[in-house]
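Chains as they are written, first to last, in this note's numbering: chain S, 1230 to 1406; chain Z, 60 to 295.
Worksheet: one structure, shown below.
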Amino acid sequence: MPSATSSQTIGPFWHLIEHPEWADLTRFGAAGARVTLTGSVVDGDGNPVTDAAVELWQADPPADEHFPGFGRCRTDQRGEFRFTTVKPGPVPGRGNAQQAPHFAITLHARGLLKGLVTRGYFDAEPLNETDPLLSSIEDPLRRATLLARPQGTNRWRIDIRLQRGAHGETETVFLDI
Amino acid sequence: MQSESEGVPFRPYAPGTQPPYDASAYGSTHKRHPQENPVRLPHTITETTGPRFSTAHFPPIPDLSVVDGKSALGERIIVRGRITDENSRPIPNTIVEIWQANASGRYQHPGDQHDAPIDPNFHGEGRVFTDDDGWYLFTSIKPGAYPWRNHHNAWRPNHIHFSFFGSGFAARLITQMYFPGDPLLELDPIFLSIPDKAARNRLVCALDMNVTEPEWALGYRFDVVLRGREATPMEA
């Protein structure tokens, strides 16, 4: 049987397929309270990654004609991105496990020959303590890279570092899926 | 309506078929590749489900070669192919995103400063959907090669960028399609980043006289395989 086709970088000119409204997952009239997720992407030197496509997917609430569950946002000249969406609830894990509410986040950019996958959880969510992925990461600094921080009511922020820094700055946890 | 296979995990990638994050010959990877090992995540509903795109919300753009009735310069081409999964099942009604340089090797993008002409009649973005049997087709212009600053005298081979979503988040694929007989392929660090030679050569489309339209446009065939799901007892 054939194996999956190989990945190649999205390159620096992917903005030809960029539609800024895709960063608003509520634009088709989704029900529920809005949340924003902002953040930044930096490289191993701490410099902003200004040409990334940040993609967001959430399995909850279930996608339908009013809610795509998927969004895409460019990083700007400061390496910043911003999504508007609906806050996800808990979803089932494997076996009898339950997963804490989270976003799946994928980064595509020049210099990434394939997408980098991570997650954004919500800081201080009680279910985080028993989430299978979060509780599998022993280093608290690394685990913390998966937590979005509150910035006020319904506003969350997550900063992503592609590569460990020269002074030990913590690299974001990326996932092998 | 979601398919019954939706909760089933995807299979691991075949060894050698995917490029690494750390590819030293491609300079942009140096400060962008992770140094820590990725954390292996067995698939959950987050990875096994994925977005669906409707033509109502995402209207097709099937012809990049015409803007306002005026034809772009260059060699008109038709690209057709079939999208299947690793279990040889067609992926129906799935979105295919396309973008590329014009015939001169210039992207209509503020970041592209290559001294080659912009063509106002070339639309750099395409979007099509597969039919019920996984087939897609679009019309465009053969893109030109262009220089990039990866190393001295570096030129990208002619290529078209593709984005696929497939049936679940873990099947997401972004790649590039190349053209047969391009001597720049063997000099390109991005193409050569794929360890398995047979796998990278599958990114090279084939001239197809059945896709070619006489007196109109050359046709190329580009088939794509997305990750397949693990076999389940019900399917055995």
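All residues carry an ideal CB built from backbone N, CA and C; glycine is no exception.
Handout entry: Helix, strand or coil at residue 1358 of chain S according to DSSP, with G and I counted as helix
Key = helix
Exercise for the section: Establish whether the CB of residue 231 of chain Z and some CB of chain S are separated by less than 8 Å. Expected result: yes
Handout entry: Within 8 Å, strictly: CB atoms of residue 255 of chain Z and residue 86 of chain Z
Key = no
Exercise for the section: Determine which residues of the segment 181-211 of chain Z have a Cβ less than 8 Å from any Cβ of chain S, and write them out in chain order. Expected result: 183, 184 and 186
Practice task
Kindly confirm or deny that the segment 135-147 of chain Z and the segment 275-292 of chain Z touch, where touching means at least three C-beta pairs closer than 8 Å.
Solution key: yes
Exercise for the section: Measure the alpha-carbon distance for residue 1333 of chain S versus residue 241 of chain Z and round it to whole angstroms. Expected result: 38 Å
Problem - Best match in Z:106, Z:91, Z:110 and Z:72 for proximity to residue 1301 of chain S [C-alpha to C-alpha] - result: Z:110
Exercise for the section: Give the interface partners of residue 228 of chain Z over in chain S, defined as CB-CB distance under 7 Å, in chain order. Expected result: 1286 and 1333
Practice task
Just mark residue 177 of chain Z as buried or exposed, buried being the case when its beta carbon has 16 or more other beta carbons within 10 Å.
Solution key: exposed
Exercise for the section: Please confirm if the segment 103-123 of chain Z is in contact with the segment 215-227 of chain Z, defined as three or more CB-CB distances below 8 Å between the two stretches. Expected result: yes
Practice task
Have a look at residue 1263 of chain S and residue 199 of chain Z and give me their C-alpha separation to the nearest angstrom.
Solution key: 40 Å
Handout entry: Touching by the beta-carbon criterion (3+ pairs, under 8 Å), the segment 128-138 of chain Z and the segment 86-95 of chain Z
Key = no
Handout entry: Beta-carbon neighbours of residue 109 of chain Z, restricted to chain S and to distances below 7 Å
Key = 1286
Exercise for the section: Determine whether the Cβ of residue 172 of chain Z lies closer than 8 Å to any Cβ atom of chain S. Expected result: no
Problem - CA-to-CA distance, residue 1267 of chain S to residue 1286 of chain S, given in whole angstroms - result: 15 Å
Problem - N-terminal and C-terminal residue of the alpha helix (DSSP H) that residue 1369 of chain S is part of - result: 1369-1373
Problem - Interfacial residues, the segment 1231-1244 of chain S to chain Z, with Cβ spacing under 8 Å - result: 1231, 1232, 1233, 1234, 1235, 1236, 1237, 1238, 1239, 1240, 1241, 1242, 1243 and 1244
Handout entry: Residue(s) in a DSSP beta bridge with residue 207 of chain Z
Key = Z:213
Practice task
List the whole-angstrom C-beta distance separating residue 162 of chain Z from residue 201 of chain Z, where the pair is believed to meet the contact cut-off of C-beta under 8 Å.
Solution key: 7 Å
Practice task
Consider the C-beta atom of residue 1316 of chain S and the heavy atoms of the ligand SAH; say whether any pair is separated by less than 7 Å.
Solution key: Ligands in the displayed structure: none, and consequently the ligand SAH is not present.
Practice task
Taking only the alpha-carbon atoms, compute the straight-line gap between residue 1406 of chain S and residue 228 of chain Z and give it to the nearest angstrom.
Solution key: 10 Å
Problem - Under the three-state DSSP convention, the category residue 100 of chain Z falls into - result: coil
Practice task
Output yes or no for whether 8 Å exceeds the beta carbon distance between residue 232 of chain Z and residue 1347 of chain S.
Solution key: no
Exercise for the section: Out of Z:98, Z:64 and Z:83, point me to the one whose CA is closest to residue 1362 of chain S's CA. Expected result: Z:98
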